[in-house]
Amino acid sequence: MTAAIGRLLLTRFLLSLATLIFVASAVFAITNLLPGDVAQELLGQAATPEAVAGLRTALGLDVPPLQRYIAWLGNLVTGNLGNSLVNGQPVTALIGSRIGNSLLLAAITALVAVPIAIGLGITAAVWRGSLYDRLVGAATVLVVSVPEFLVASTAVLIFAVHLQWVPALSQLGRITGLADVVRVFALPVMTLTFVVVAQMARMTRAALVDVLSSSYVEMARLKGAGPIRIVVWHALPNAIGPIANAVAFSLSFLLGGVIIVETIFSYPGIAKLMVDGVATRDLPLVQACAMLFCGAYLVLVTAADVAAILANPRLRKG
Amino acid sequence: MNGQTFDPLSLLSIAERDRLLLAARLGASRRDMLGLLGGLGIGVAFGSSLIGAAGTALAQTPKKGGRIRVAGFGTSTADTLDPAKGSFSTDYCRCSMFYNGLTDLDATLTPQMALAESMTSEAATVWTIKLRKGVQFHDGKELTSADVVFSLQRHLDPATASRARALATQMKEIVATGTHEVKVTLTGPNADFPVVLGTHHFYIVQAGTTDFSKGIGTGPFKCKEFTPGVRSIAVRNENYWKQGAGPHVDEIEFFGIPDVGARVNALMAGDVHLIGNVNPASARMILARNDLAIMETKSGNYTNLVMRLDQAPGNNPDFVLGMKFLMNRSLIRRNAFQNYAEVANDQPIPPMNRYHAKDIPQRPYDPEKAKFHLNKAGVMGSTLPVVTSPAATGSVEMGLLLQQAAQGIGLKIELKQVPADGYWSNFWMKVPVGYGNINPRPSADVLFSLFYASGAAWNESGWKSEKFDQLLLAARAETDDAKRRQMYTDMQVMVHESAGTGIPVFINGLDAHSAKLKGMSPMGTGSLMGFAFAEHVWLDA
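As they're listed, the protein sequences go chains A and B.
First residue of the first sequence: 1, per the working numbering; consecutive thereafter.
First residue of the second sequence: 1001, per the working numbering; consecutive thereafter.
Right under this line is the structure:
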């Protein structure tokens, strides 16, 4: 078992490294293809040719792109992500000030959404074909089909503007106790739960239905195991793989893909940081964020695979 | 509009208003106050209405204390407390909390002395600036000429990335001639130099500053916290040099909410006291509630049709004139801006500017004349591409209205809507016919120098006139106000007649606030009281 996991981790690590370098090159190339550069964006309407040239020299943008890319890679190896071209602050500081917020939002959402999703998935699989199963299926499709900006805006109108139960903005500076945590996070977590629950629930149901119809589950049932024991002890371990992957996918979305929720609730997370970076052509920031999202995704997917191996008796012994 | 009443006090500079209110508060008699106003050059009739207004304002004596939360309309990692780099309303708002200029612009954009005690010139070329004594920075250091020299000089270095570099290059030499005296020699005469120094970019910072994230200036508030793209917290400067006025509130938390819907929701949910830039649709919703209020600010902001004169079809003067007649200004005002705009006359000096030429006959919407000129230009029958973009406020709507008007006279316009991202570097001033958006500028000289001088980098239509250039230089050097006014009038006529820019309306700014927030009044320098609301507002809890 340790050998299998060791092998998996090693290959994953090497593959991840290759993926990261590929992503870094792609992001660098694409950002360079965007119209305008940071000097033009910074100066905006004030971008006279002479002013742009002066600023480019000051920022070191007059160096050929390939040379800049190699220098960036070199710095990356030594752990130096460089300074933002826009405000001169270290990229690590910019990310550091926000990554905690993104992780917090992702963690709270996961705490709410994952149990709901897996619970819905398992019960739907156990009572597959029933009215309950069809209701869950329809409801999850419905909530994932409504655009999140609509969910968020409507929720704000109802709960913040009219009922005034919760604030319209989710600002961490106003938290003084546990009640505030609930008030501040209620709406964004609700919105995000709507987005991620459907996929996880449906994946859980599909994986479990598959296993529940297999012959060894039939065997367990014949030998007289109860329904709970069949699901938890016999079926679930074999279904963990796809479920863990669906969860990993949702979590990586929660880290970097929640730009709409961050915008509507004015929540200072990392997705908005990257969008700012692209808008101002702040290459070091964009690169670092891309690396971070890609890295987080790879870690989560690897963790999902490890979880699948640990949970599955056959893989565990192989 | 919308039940707003004219406030005579808004015509005074902030300094004048503060003096008047202070006098009223100290119990000055009506006669004393008329005397005071006489000293400001204000006659008895208008003076009386001012005193009445001062009385009303006094009935609401500013209360000290309280914390307010304010949401501006943009925020990103590019947020800065470096006045030279400031480029968005968010930056201007923050810089107005922490810094002061040498001068301050009032409601008619006339400069009043601020950190400078006096500014005198020899032939408007060599300026001697005497500094106010005893002014302290937030860290306790006293303001001296070294700080002023440093603050002005840094605009000239390209590495500063100053937004005001084009204006700063007129300063040939900046030297300290005493601990509280600075001499600035210009490349040529400029009677408007005190106006330039009253703009946000020329705020005074401490000599030798390299880290601007601390916001150490001489302004009404001290910076307690600042994270670009997140928020700033400002606390009252108890040691503020200006006497008898603001700051009133203890603390201001300022952040940006770029999405207008989210911003309005935040105000309606009671999360914030003041928001900048509301759209007309939300304004209706806000006006329906009596615990909220709207403040409308007339401004020099405009979105204009830009026709390049160096390319076809703009190289034919008849085309340009025809298109100007084809703009239905009152319809643009109503449909694109829900009447929160003022009809303009194809020249960029707004009505609140002291040099606005109000006697130029208004160019009407006249499809017949338009047809006549466009026919003469030979464009009827062909398809005319026009570029619009959300980057230029209201240009998408204005384009549609132009298209409809053109259809009426048998001209086919093909609208090309392009994204806001990269618009200014890739489309603005490059396409034969498109839209521009010009933010308010503090003076006729600045507007004309930046956008209409033959050699100007942003001469949007590529309009060239030797006579205009000569007048521009002459007006800049002229210290006789009447003569200057005549020159600026002539120049406005020239732009109105022949430049390739059709300016249909000046767009009004709309801000919204809680009715508990007092002290708000529109300023000619921009929305949110010329972005300087911080110093004036107070909370009526």
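Cβ coordinates follow ideal geometry from the N, Cα and C atoms, glycine included.
Beta-bridge partners of residue i, as assigned by DSSP
i, result
"His1513 of chain B", "B:Leu1274, B:Ala1293"
"Thr945 of chain B", "No answer is possible for residue 945 of chain B: the residues shown for chain B start at 1001 and end at 1541."
"Asn1437 of chain B", "B:Thr1303"
"Gly1410 of chain B", "According to DSSP, which records beta bridges pairwise, Gly1410 of chain B is partnered with nothing at all."
"Met1171 of chain B", "B:Leu1186"
"Gln1136 of chain B", "B:Glu1142"
"Trp1538 of chain B", "B:Lys1518"
Under 8 Å between C-beta atoms of residue i and residue j
i, j, result
"Ser1395 of chain B", "Tyr1435 of chain B", "yes"
"Phe1337 of chain B", "Gly1215 of chain B", "no"
"Val1505 of chain B", "Leu1167 of chain B", "no"
"Asn101 of chain A", "Gly269 of chain A", "yes"
"Lys1130 of chain B", "Glu1122 of chain B", "no"
"Ala325 of chain A", "Ala304 of chain A", "Coverage of chain A is limited to positions 1 through 318, which leaves residue 325 of chain A absent and any answer about it impossible."
"Ala1161 of chain B", "Leu55 of chain A", "yes"
"Leu1102 of chain B", "Ile1204 of chain B", "yes"
"Thr1525 of chain B", "Leu1105 of chain B", "yes"
"Arg1094 of chain B", "Phe1254 of chain B", "yes"
"Ile1233 of chain B", "Lys1242 of chain B", "no"
"Ala1191 of chain B", "Arg1441 of chain B", "no"
"Arg1333 of chain B", "Val1343 of chain B", "yes"
"Ala1534 of chain B", "Phe1193 of chain B", "no"
"Met1323 of chain B", "Gly1502 of chain B", "yes"
For residue i, the three-state DSSP class (helix, strand or coil)
i, result
"Arg183 of chain A", "helix"
"Tyr1365 of chain B", "coil"
"Ile1204 of chain B", "coil"
"Val258 of chain A", "coil"
"Val63 of chain A", "coil"
"Met1119 of chain B", "strand"
"Ile270 of chain A", "helix"
"Pro227 of chain A", "helix"
"Met1520 of chain B", "coil"
"Arg1334 of chain B", "helix"
"Ile1349 of chain B", "coil"
"Thr1501 of chain B", "strand"
"Gly1027 of chain B", "Unreliable placement is indicated for Gly1027 of chain B, whose pLDDT of 49 sits below 50; the coordinate value is still reported in the next sentence. The answer is coil: DSSP assigns Gly1027 of chain B none of H, G, I, E or B."
"Thr19 of chain A", "helix"
"Gln89 of chain A", "coil"
"Ile175 of chain A", "coil"
"Glu1466 of chain B", "helix"
"Gly1526 of chain B", "strand"
Chain-order list of residues whose beta-carbon lies under 7 Å from that of residue i (same chain, five-residue window excluded)
i, result
"Lys272 of chain A", "Ile259, Glu262, Thr263"
"Asn238 of chain A", "Val211, Asn312"
"Met1380 of chain B", "Leu1374, Gly1410, Leu1411"
"Leu1321 of chain B", "His1373"
Straight-line Cα distance separating residue j from residue i
i, j, result
"Ala3 of chain A", "Val1070 of chain B", "58 Å"
"Gly1382 of chain B", "Pro1522 of chain B", "Residue 1382 of chain B is actually Ser in this sequence, not Gly. Their backbone Cα atoms lie some 46 Å apart in a straight line."
"Ser1527 of chain B", "Phe1073 of chain B", "11 Å"
"Arg68 of chain A", "His1138 of chain B", "40 Å"
"Ala18 of chain A", "Val299 of chain A", "14 Å"
"Ala1245 of chain B", "Leu1115 of chain B", "16 Å"
"Val1184 of chain B", "Thr1144 of chain B", "15 Å"
"Asp37 of chain A", "Thr280 of chain A", "8 Å"
"Pro1317 of chain B", "Thr1169 of chain B", "34 Å"
"Ile158 of chain A", "Leu1267 of chain B", "14 Å"
"Gly318 of chain A", "Arg98 of chain A", "Confidence at Gly318 of chain A is low in this model, with a pLDDT of 49, below 50, so its placement is unreliable and no value can be given for it."
"Ala107 of chain A", "Leu187 of chain A", "15 Å"
"Leu178 of chain A", "Cys294 of chain A", "33 Å"
"Ile1275 of chain B", "Phe1531 of chain B", "12 Å"
Own chain, CB closer than 6 Å to residue i, minus 5 neighbours either side, in chain order
i, result
"Val286 of chain A", "Thr31, Gly277, Val278"
"Ala1405 of chain B", "Leu1326, Asn1328"
"Gly1462 of chain B", "Arg1308, Leu1309, Asp1310"
"Thr1125 of chain B", "Leu1186, Pro1189"
"Pro1350 of chain B", "Gly1300, Phe1506"
"Val136 of chain A", "Leu120, Ala124"
"Gly1027 of chain B", "With a pLDDT of 49 at Gly1027 of chain B, under the threshold of 50, the predicted position of this residue should be treated as unreliable, though the coordinate-derived value follows. Closer than 6 Å at the Cβ level, and outside the excluded window around Gly1027 of chain B, lies no residue."
Interface residues of chain E facing residue i [CB-CB closer than 7 Å]
i, result
"Asp1259 of chain B", "The structure shown contains no chain E; its protein chains are A and B."
Proximal residues to residue i (C-beta, below 8 Å), its chain only, five neighbours per side dropped
i, result
"Asn75 of chain A", "Leu81, Gly82"
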